[in-house]
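Just so you know, we're using the working numbering here: the sequence shown kicks off at 102 and counts up by one. Think of the CB as a built atom: it goes at the ideal place given N, C-alpha and C, for glycine as much as any other residue. Written out below as structure tokens is the structure these notes cover.
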Amino acid sequence: KTGGKCAIACDANDSPNARPVVEAVRDAGGYISTIWNKTDDLHPWDIGDNYVSHMTWSDEKPAEKTARILFDAMGGKGGVVHLGGIAANNPAIERLNGLKNALKDFPDIE
Numbered sequence: 102k103t104g105g106k107c108a109i110a111c112d113a114n115d116s117p118n119a120r121p122v123v124e125a126v127r128d129a130g131g132y133i134s135t136i137w138n139k140t141d142d143l144h145p146w147d148i149g150d151n152y153v154s155h156m157t158w159s160d161e162k163p164a165e166k167t168a169r170i171l172f173d174a175m176g177g178k179g180g181v182v183h184l185g186g187i188a189a190n191n192p193a194i195e196r197l198n199g200l201k202n203a204l205k206d207f208p209d210i211e
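What follows is the structure, given as structure tokens:
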């Protein structure tokens with residue numbers, strides 16, 4: 102429909118979903134950049150010029166800082182329920198790791 106003049110920014114929900122999307126866009130002659138989620142073995146240089154870039158950042162430290170602020174506000178005691186994200190979603194994994202890191206210093210929080 103675009104005559105090969107298409108650029109997509111893709112944030113796949115699950116890391117394994119990025120590859121088929123990247124390959125489909127490449128095969129259609131479009132261009133794609135992925136954001137946050139992709140498997141470790143998927144790289145723009147392996148796909149070709151149609152896979153323009155991948156950008157990501159870590160959510161672990163911001164999640165840890167947020168948890169510490171919450172735990173301090175709770176007086177260092179009480180209970181927390183973590184509702185996780187998609188199992189293969191990198192930001193969800195990093196956020197859980199940040200929470201676990203903060204919990205190490207708050208033994209009275211369950």
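- [ ] Taking residue 125 as part of the alpha helix (DSSP H), name the residues at either end of that continuous run.
- [x] 119 to 128
Task: Limits of the alpha helix (DSSP H) - the one that residue 194 falls within - done: 191 to 204
TODO: Measure from the alpha carbon of residue 157 to the alpha carbon of each residue in 189, 198, 205, 135, then state which is nearest.
DONE: 135
- [ ] Rounded to whole angstroms, what's the CA-CA distance from residue 137 to residue 176? Just pull it up for me.
- [x] 34 Å
Open item on the list: Beta-carbon within less than 8 Å of residue 108's beta-carbon, same chain only, minus the 5 sequence neighbours each way: which residues are those?
Closed with: 131, 132, 133, 134, 153
Open item on the list: By alpha-carbon positions, which one of 165, 121, 168, 128 ends up nearest to residue 142?
Closed with: 121
Open item on the list: For residue 191 and residue 110, I'd like the C-alpha separation in whole angstroms.
Closed with: 17 Å
TODO: Helix, strand or coil for residue 159, going by three-state DSSP, please let me know.
DONE: coil
- [ ] Return the first residue and the last residue of the beta strand (DSSP E) that residue 148 is part of.
- [x] Run containing residue 148: none in the beta strand (DSSP E); it sits in the alpha helix (DSSP H), 145 to 148.
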